[in-house]
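The numbering of the sequence shown is numbering that gives the first Met the number 0, which starts it at 0 and goes up by one.
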Amino acid sequence: MDKQLLDEILERVLGEAAGTEHERLKAALITWAKARGYHVSFSRLTSGIPDVLLGTDEGPTYLCVGDAKDSANETADVFATWERIRGYVRDFAGLIREKRTRGGVLAIATNTMAAAQRWVPFLNAMAESARLSEGGNPPNFTIATVDAQTLIVWW
């Protein structure tokens, strides 16, 4: 492998690790959640630590479980990403069944409409598999546009 190609690969990997776009999406998702009344921080779920894990003041609280996903490297088609989100959805469903939360919001922040649209069927399937519903109705994730580079897929 030539040095220039190796340098380009390292720059991309290190750039993804640093995640400036990921951090921007995370900040936007936190702002979005707080605007909806989710502002009490929680530390983690059983399966891991999502980018956003905020609750309301009520007890038992409503939760917002969200993750930022840069479409350059974290899409619904990447198994490791998909599996991590599926763990969060299952944990959220378990908390509802255990009556440790009343419900809330699941959300993904991403930066292209194509990526957001791709997340919708994956998230609907994950939530349905976890037996989540709203008043007996199946999951119905929708896309909120914050700005041209920030879309939030939520339900």
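Glycine residues also receive a C-beta, built at the ideal position from the N, C-alpha and C atoms.
Being a predicted model, the structure only gives us computed values, none of them experimental.
Original post:
So what does DSSP say about Asn-139, is it helix, strand or coil?
Top reply: Coil at Asn-139, not helix or strand.
Original post:
Where does Leu-131 fall in DSSP's three states?
Top reply: Leu-131 carries a coil assignment under DSSP once its states are collapsed to helix, strand and coil.
Original post:
Shortest alpha-carbon distance to Cys-63 belongs to which of Trp-31, Pro-120, Ile-142?
Top reply: Closest in C-alpha terms to Cys-63, from the list Trp-31, Pro-120, Ile-142, comes Trp-31.
Original post:
How would you call Met-112, buried or exposed, if buried means at least 16 neighbouring beta carbons within 10 angstroms?
Top reply: With fewer than 16 other Cβ atoms within 10 Å, it is exposed.
Original post:
How is the beta strand (DSSP E) around Val-88 delimited, first residue to last?
Top reply: For Val-88, there is no enclosing beta strand (DSSP E); the enclosing alpha helix (DSSP H) has its first and last residue at 78-96.
Original post:
Cα separation between Tyr-87 and Ala-129?
Top reply: Rounded to whole angstroms, Tyr-87 and Ala-129 show a C-alpha spacing of 10 Å.
Subject >> Neighbourhood of Ala-114 by C-beta distance below 8 Å, restricted to the same chain and skipping five residues each side >> reply: Answer for Ala-114: Lys-68, Ser-70, Thr-74, Ala-75, Leu-150, listed in chain order.
Original post:
Should Leu-28 and Gly-54 be called a contact, given that it needs their Cβ atoms to be closer than 8 Å?
Top reply: Taking 8 Å as the Cβ cut-off, Leu-28 and Gly-54 do not qualify as a contacting pair.
**OP:** Assign Gly-58 to buried or exposed, taking buried as 16 or more other Cβ atoms, counted over all protein chains shown, within 10 Å of its Cβ.
**Re:** With fewer than 16 other Cβ atoms from the protein chains shown falling within 10 Å of its own Cβ, Gly-58 counts as exposed.
Original post:
Taking the Cβ atom as the reference point for each residue, do Thr-144 and Trp-153 lie within a distance shorter than 8 Å?
Top reply: The answer is no: Cβ separation not under 8 Å.
Original post:
With 16 other CB atoms within 10 Å as the buried threshold, where does Pro-137 fall?
Top reply: Pro-137 counts as exposed, since fewer than 16 other beta carbons sit within 10 angstroms of its beta carbon.
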